[in-house]
Structure formats: structure tokens, C-alpha cells
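S.K.:
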Amino acid sequence: MFNQRQLEIIDLLQTEDKVSVSELTQRFGVSLVTVRQDLKKLEDQGVLKRTHGGAIPVDNGYDTSTRMWNNYEQKLRIAQRAASMVSDGETVIVETGSTCSLLARELASKRGVTVITNSVFLCNFVRRCPALDVVLLGGSFQHDAEANVGPLTKLGLAQFSVDKCFIGADAISEDKGVSTINLFRAEVARAMAKSAKKMIVLATSDKVGASAVASSFPLASVHTVITDKDLSREGRSLLDGAGVEVITV
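So this is what it looks like as C-alpha cells:
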């Protein structure tokens, strides 16, 4: 999706309030036209906002946007591998979160895919992908997570039955299974799992072996975990011991 130069621009904007076109041309040894093309592509993908002579980070008021660019390359590989498991014309459930939003964007390149989600952030993230059909579940809006939760969300999920559900994770451990920092998100994740035959968890390797406040569901409920190739020996043993299919990318 992004070349190495564009990924470095993303990294710069994690620590800088702004970057200038002239600074980037000198840094990378490329033309003004090339840098402007890079910035336009990054703006189109919702990474930054172009300004006169440069660019500034996008502020969405929630760290889903910020978190997306942490370990971005790993998350993108995970999302691409997850997308390869979805067929043209399929309907899938996709939870809120940074890697799940990247997955939705990857699915936009397929034909006739429908995504059922509770994530307003995801909907905004794929707003320039008209080929992707999105069903946004109602509910109580969480401003920090930019997602809908609560009884109405769970009621909406009960109307669907799909083959695959893709869920993000803040942590995966032996005692709490797949867990998250948000109790309401955990409740919605459990409802999503009931509406799908296969639960596929998307998580960078640093989440495996960690623990978060709210348990979403036990590892025994998980069909597959897609993670990055830096998964530790202990993390692999944890997932293998639970009988979970592990895919590393």
C-alpha cells in the first residue's frame, strides 16, 4: 500500500507537529513533485492533512488513528492476510480497531463484499471505497472509541449469521483469553462471536501474552489468530496449547 518513503513520512508525523515539502525533498533526495504525490496519497488514505507547503497529522480525537500507525507494517500484513480469507460476494463481521479498519480497506478491492461493523471509525476510514458495502450497527456511541456499543448493537448482531468474524485484541492470555481495555467493547465482541461460525483474531505479536481489563471470550472460542512473524516462542506455545490455528506474516 505504502512505499518505504511514505512509511517514513508516517513515522515522522508521530513525533513532529508538521513536516514541510522542502524538508522532505532534502531528506529523501527526491523532487518536489514526488513529495507532493506522496502527501496526496497519504491524505487520501486519512493519514495526514496537507497544508500550504507541507502536512500535519490528522487529529481524530481518539487514538485509533494514532495507534494505527504504530506497528503499521505489521498491522497491514495482518490485514492483507485476513483479507485473503474472504471470498468475493461474502458478508463478514468486522469489529472496531486499527487493524480491523485496515482489513476493511483491503476488502474494498474485492467484488461484492459486505462488512457488518459497529465501528464509526471504520466507516469513515473506508469512505472513499464505494465498492465496499458497509452495514453500520446502531447503539450507544462511544466518543473515545468511535464505535457503537450496548443492547441495540447486540440486538442488531443477532439478526445476522455469517461464516467469519474478524476481531481485534488488546491482549491475549491463558487466563483471560482475548481481552480488551473496554468492557462494552468486550460485550459486543462476544455478541459478534455468536453470529459467526469462525472467529478470527487480528493481533500484533506484542499483544500475545499480555492481559487487559475485560475478557471478551476464552481462547477455546477462537478459530484462528493472525499475527506477525515476531511472535515469541512462549506466545506460540500459548496459542498452540489452546488448539488455535496460528498464522504469522
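Residue numbering for the sequence shown follows our numbering, beginning at 1349 and increasing consecutively. Virtual Cβ for every residue (Gly too), placed ideally from N, Cα, C.
Determine the direct distance from the alpha carbon of residue 1375 to that of residue 1369, and round the result to whole angstroms.
M.R.: Reading the sequence shown from its first residue, position 21 is the one you call residue 1369. Reading the sequence shown from its first residue, position 27 is the one you call residue 1375. Rounded to whole angstroms, residue 1369 to residue 1375 spans 10 Å at the Cα level.
S.K.: Considering only residues of the same chain and omitting the five flanking positions on each side of residue 1569, which have a CB-CB separation below 7 Å?
M.R.: Here residue 1569 corresponds to residue number 221 of the sequence shown, with the count starting at 1. Result list for residue 1569: 1541 and 1547, in chain order.
S.K.: Between which two residues does the beta strand (DSSP E) harbouring residue 1458 extend?
M.R.: Locating residue 1458 in the sequence shown gives position 110, where the first residue counts as 1. From DSSP, residue 1458 is part of no beta strand (DSSP E); its letter is neither H nor E.
S.K.: Residue 1597 and residue 1573 look like a contact to me (Cβ under 8 Å); what is the Cβ gap, rounded to whole Å?
M.R.: The residue you call residue 1597 lines up with position 249 of the sequence shown. The residue you call residue 1573 lines up with position 225 of the sequence shown. Going by Cβ atoms, the distance from residue 1597 to residue 1573 rounds to 11 Å, so no, they are not a contact pair.
S.K.: Starting from residue 1472 and walking both ways along the alpha helix (DSSP H), at which residues does that stretch end?
M.R.: As a first step, residue 1472 is located in the sequence shown; it is residue number 124 there, counting from the start. Counting along the chain, the alpha helix (DSSP H) containing residue 1472 begins and ends at 1468-1473.
S.K.: Whose C-alpha, out of 1538, 1361, 1402 and 1396, is nearest the C-alpha of residue 1380?
M.R.: On the sequence shown, position 32 is the one that residue 1380 refers to. Nearest Cα to residue 1380 within the set 1538, 1361, 1402 and 1396: 1402.
S.K.: I'd like to check one pair, residue 1553 with residue 1575: are the Cβ atoms closer than 8 Å?
M.R.: By one-based count along the sequence shown, residue 1575 stands at place 227. By one-based count along the sequence shown, residue 1553 stands at place 205. Their beta carbons are under 8 Å apart, which means residue 1575 touches residue 1553 by this criterion.
S.K.: Kindly indicate the opening and closing residues of the beta strand (DSSP E) around residue 1481.
M.R.: Here residue 1481 refers to the residue found at position 133 when the sequence shown is read from its first residue. Membership of residue 1481 in the beta strand (DSSP E) is indicated by the continuous run 1481-1484.
S.K.: Report the three-state DSSP secondary structure of residue 1573 (helix, strand or coil).
M.R.: Locating residue 1573 in the sequence shown gives position 225, counting from the first residue. Strand, per DSSP.
S.K.: On a CA-only basis, which of 1480, 1352 and 1488 is nearest residue 1421? Give me that one, please.
M.R.: Position 73 of the sequence shown, counted from the first residue, corresponds to residue 1421. Ranking 1480, 1352 and 1488 by Cα distance to residue 1421 puts 1352 first.
S.K.: So residue 1499 is in the alpha helix (DSSP H); what residue range does that whole segment cover?
M.R.: As a working note, residue 1499 is residue 151 in the sequence shown. Residue 1499 -> alpha helix (DSSP H) spans 1499-1505.
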